[in-house]
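Since the structure comes first, as structure tokens, the remarks are kept for the end.
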Amino acid sequence: MDGKNFGTLFAEKGFVIRNSNAFIKEATNVDLTELVDKLTDLEKRINSSSNIVDFSKSIISKLDEIDVLINSDEYTKLSNSDKLRAFSDCVQKIRSKFAVVNNYVKAEENVRLQRNNNDSIVISVDQKSANLDKDTTLSPLERNQQVEALFNEKLMALNAYNRALANFNEYKKAYEKSVKNFNLVEFKNELLALANELQEASKELALSPENKEKLQNAITGVHSEISYYGLESIKSKEEFDALCKRYGLESVGLSKKTEVVKDETIKKEKKDEVKKEKSLLESVYDKLVALNPTVKFALKDKANDKRFDGRIEASVPVGNLNLPEDFYHMNNGISNKFSTNKDQILVEIGELKLNNEKKETKELGHPLRNPDMVADVFKELVLLNPDVKFELKGKSNDARFDGKIEASKPASSLELPDGFYYMNNGISNKFSGDVNKVTIEIGELKQKEEKHKPKEYETLNFAKDEENKPLVLDNEKNDEKPNLREDLINRLFGKLNSNGEPEVERNDEAGLKPDIIDKAQEVVRNLTKNCKVYEGKHYAVKKSRTAVIGSYAKTLLTFGGISTVILGAVGTPVLAAAAVGVGLGAAVQKLYSKLVANTDIKIEALEGTKYENDPKNAPVSVIAYHEAKDALMDIYKKRKTGEIKSKVKDYTEEELLDDISPRFGR
Amino acid sequence: MRVDTVITLDNDVNCLLLDKASYNDENYFLSVILDESEEPSDEYIVLKEIVENNQYSVERIVDEAILTELIKLFTKSFGEKVDNLPEFDDNKTSNL
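Those protein sequences? They're chains A and B, same order as listed. What the first sequence shows, in my numbering, is residues 1 to 666, in sequence order. What the second sequence shows, in my numbering, is residues 1001 to 1096, in sequence order.
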């Protein structure tokens, strides 16, 4: 390192040598550039701190898991009530530590949910009202009543959204206030003490051995998460302080950096003054780039206007730029000349011409309205959606919109700025309390390399472990694989007779043995033993997102759902009879016909008519349908991927002649 | 809540809503639980939509009387879906 410049280097990075003796003693054999880099890196780690919102979400989710474990375990009620209460109180105390953050997070989720809901209702009401206008059969009274109903529907959704938004803003304020005097170490110590208390309290509970182990793991998870939270930040601070002490350094922060630079540079010659001015301009440029990640900048050699010390061009107007500390906006530029900073500069900010934007200006007919607002929203979108790529496109082809932004994800999946909601093809804040209203088209950003697609459920893999097994459509021909239908019928009804029907002694109207209910319940338990959604418990909807799903895949899944729900309740055959009574058999047959059309594929269980439309046989039919659902899904997947193709039609000689005859005038 | 959406419950379970039915002024959804890789599992449930203080929540329904009525509605809807399915065309499988 050049010994003459280390003072400047430290000053530029915001450090002052307070203890010169310590510095001279310790810095002799040290690479000072490395030292500065190390300190800067540590400073970044300290300031990046840990994300309290994510931490809070994670802990709350773990506490929810603990609640589910306790509430779902039948042995819990055998616990001593005082000890159970002590445990619950402890969980509640930990929750209360996150109450502010949790309220904030929940309010944010609710706003998003209401925004989605409002958007879909706006679209639906628009559609219904368009249809209503076309309907000439309604009487004046009916028409008025329907319009009123649509109006109220839209208004209610909007009011719900606005209430959610007001609620969110309130909690956001409370959250911001709470983090101002936040002491990480103190916060962690309190939480760790409570986690220990929770651990002790859990030992006093009566639980099944399986859940006891799960509970211990969950509590250990809470403890570990608290222990590791913010550890990097704390460690970095300790290391940073130790290094500063050793080298006699003091961090004076960004605001004082230029002051220190000035102290060093005033001693330089006039030649260096030009260099300094240039580096000051570069420094402003760097800060602008850092503060405005979505804006394109270009550093120019000199200003067009002689009043300025230099020129920087930006892709957005000067008024839209976030400025470095002490700087303010002026006409066509920015300056810090009224600050206490001795190093003052006037920078001309010009317009950065972007080739593609110029082209659009010529091509598009609609003027770009609210350009500043569109740019502001663009910046907010970029900050709120770090994983999404955006491009500010300027004008929209559609006159309803004030501008256009392209995104690599659909508008409905974006985090939106406060006051905005989704609408068809875009976003808007026209119903917010904001004075500046803007409606922006959100287009699809075509990416060259990796194009993001929403999850497509039609290509889902339903049985990964079965992937390499051959397609078996006719279970009766499969000697190796157990026949699910036979297995289920055996378990529920006893053995099958030679006709493939259950050998049951029909001693009640439904044709079921009394012990079948017990056996059915066993099947239900097996089907639902891993299900994490328990009956009788309310689950809040944290978020919702649109799924893209093909018509066949959706129909097949719906069929799977119906047959599974019926099978789950087969203990009383009413459900099966109800479904068969409204045409489940006919619908399954039709689905099967469509899926295997133009192929040689057959599913034996669906070929015959023996299971159809006899209410007494309804449970057996449903079991057969349930068995067939996997085979149907398999056919669908293989047809979709082209593994099963339509047959090429074999023409008879006559058909062939008929087909070609028009071309030969026959 | 709408059909063709994935909802995430507060216990982090994801459910794909397949069909909706209204019964006794309540909305119910036939849904499939998604596994960790967001693939449909073999677990299908019927959820009742609950709206309280502008917050959506759901409850799993196992009551057989309600399920019987809902199964009729879901089955009818399934029949209509099947009727509306396009013919399988090997060359146009993207939207099937």
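Using N, Cα and C, we set each Cβ at its ideal position, and we do this for glycine too.
Residues sharing a beta bridge with residue i, DSSP
i: A:Met-330; result: A:Gly-333
i: A:Asp-391; result: Reading the sequence as shown, one finds Glu at residue 391 of chain A and not Asp. Beta-bridge pairing links A:Glu-391 to A:Glu-406.
i: A:Met-423; result: A:Gly-426
i: A:Pro-386; result: Note: A:Pro-386 sits in no beta bridge, so no partner.
i: B:Ile-1033; result: B:Cys-1015
i: B:Asn-1027; result: B:Ser-1022
i: A:Arg-311; result: A:Lys-300 and A:Glu-348
i: B:Tyr-1044; result: B:Val-1032
i: A:Ser-251; result: A:Phe-15
i: B:Ile-1052; result: Inspection of the sequence shows that residue 1052 of chain B is occupied by Glu rather than by Ile. Its beta-bridge partners are B:Gln-1055.
i: A:Lys-640; result: Paired residues: none, contrary to the question.
i: A:Lys-543; result: B:Thr-1008
Proximity test, Cβ basis, 8 Å: residue i and chain B
i: A:Ala-587; result: yes
i: A:Ser-279; result: no
i: A:Glu-210; result: no
i: A:Asp-54; result: no
i: A:Val-472; result: Low confidence applies to A:Val-472: its pLDDT is 30, below 50, so where it sits in the model is not reliable, and the reading given next is rough at best. It does not; no Cβ of chain B falls within 8 Å.
i: A:Leu-113; result: yes
i: A:Tyr-534; result: yes
i: A:Phe-98; result: no
i: A:Asp-64; result: yes
i: A:Ile-549; result: yes
i: A:Thr-33; result: no
i: A:Asn-110; result: yes
i: A:Glu-132; result: First, the residue type needs correcting, since residue 132 of chain A is Leu and not Glu in the sequence shown. No, A:Leu-132 lies away from the interface with chain B (no Cβ there is under 8 Å from its Cβ).
i: A:Asn-483; result: Note on A:Asn-483: pLDDT 47, under 50, position unreliable in the model; the coordinate value appears next. Not closer than 8 Å to any Cβ of chain B, the Cβ of A:Asn-483 fails to qualify, so no.
i: A:Ala-628; result: no
i: A:Cys-90; result: no
Inter-residue CB distance, residue i and residue j (contact presumed, cutoff 8 Å)
i: A:Gly-561; j: B:Leu-1030; result: 5 Å
i: A:Val-347; j: A:Val-388; result: That pair is no contact at about 31 Å.
i: A:Arg-246; j: A:Ala-22; result: 7 Å
i: A:Asp-398; j: A:Glu-441; result: 6 Å
i: A:Ala-547; j: B:Leu-1016; result: 6 Å
i: A:Glu-313; j: A:Leu-352; result: 4 Å
i: B:Tyr-1084; j: A:Val-68; result: Residue identity differs from the one stated: residue 1084 of chain B is Asn in this sequence, not Tyr. Actually they do not touch by this definition, with Cβ atoms about 40 Å apart.
i: A:Leu-9; j: A:Phe-240; result: The pair is not a contact, with the Cβ atoms about 17 Å apart (cut-off 8 Å).
i: B:Phe-1078; j: A:Thr-555; result: 7 Å
Burial state of residue i (16 or more Cβ within 10 Å)
i: A:His-626; result: buried
i: A:Ala-11; result: buried
i: A:Asn-461; result: Unreliable positioning characterises A:Asn-461 in this predicted model, as indicated by a pLDDT of 32, which lies under 50. The coordinate reading is nonetheless provided below. Classification for A:Asn-461: exposed.
i: A:Lys-393; result: buried
i: B:Lys-1072; result: buried
i: A:Arg-115; result: buried
i: A:Glu-282; result: exposed
i: A:Ile-405; result: buried
i: A:Arg-18; result: exposed
i: A:Tyr-228; result: exposed
i: A:Gly-443; result: buried
i: A:Phe-15; result: buried
i: A:Ala-149; result: exposed
i: A:Thr-137; result: exposed
For residue i, the first and last residue of its enclosing beta strand (DSSP E)
i: A:Tyr-534; result: Taken as a continuous stretch (DSSP letters only), A:Tyr-534 belongs to no beta strand (DSSP E), as it is neither H nor E.
i: B:Thr-1008; result: 1005-1009
i: A:Ser-646; result: First-last for A:Ser-646: undefined, no H or E at that position.
i: A:Leu-439; result: Looking at the sequence provided, one finds Thr at residue 439 of chain A rather than Leu. Residues 439-444.
i: B:Tyr-1056; result: 1055-1060
Test: residue i CB closer than 8 Å to a CB of chain A
i: B:Asn-1054; result: yes
i: B:Asn-1024; result: no
i: B:Glu-1036; result: no
i: B:Tyr-1044; result: yes
i: B:Ile-1007; result: yes
i: B:Asn-1011; result: yes
i: B:Ile-1066; result: no
Proximal chain E residues relative to residue i, where beta-carbon distance stays under 8 Å
i: B:Lys-1020; result: Of the protein chains in this structure, namely A and B, none is chain E.
Unbroken alpha helix (DSSP H) run spanning residue i, endpoints
i: A:Val-16; result: First-last for A:Val-16: 15-17, but that is the beta strand (DSSP E), not the alpha helix (DSSP H).
i: A:Tyr-156; result: Here residue 156 of chain A is Met; the residue named in the question, Tyr, does not match the sequence. Segment 140-178, the alpha helix (DSSP H) holding A:Met-156.
i: B:Glu-1069; result: 1064-1084
i: A:Asp-343; result: It is not in any alpha helix (DSSP H) - A:Asp-343 carries neither H nor E in the DSSP assignment.
i: A:Asp-667; result: Residue numbering for chain A in the displayed model covers 1 to 666; residue 667 of chain A lies beyond these limits and cannot be assessed.
i: A:Tyr-228; result: 209-228
beta-carbon residue i near the ligand MN non-hydrogen atom, thresh 7 Å
i: A:Gly-443; result: This structure lacks the ligand MN; in fact it carries no ligand of any kind.
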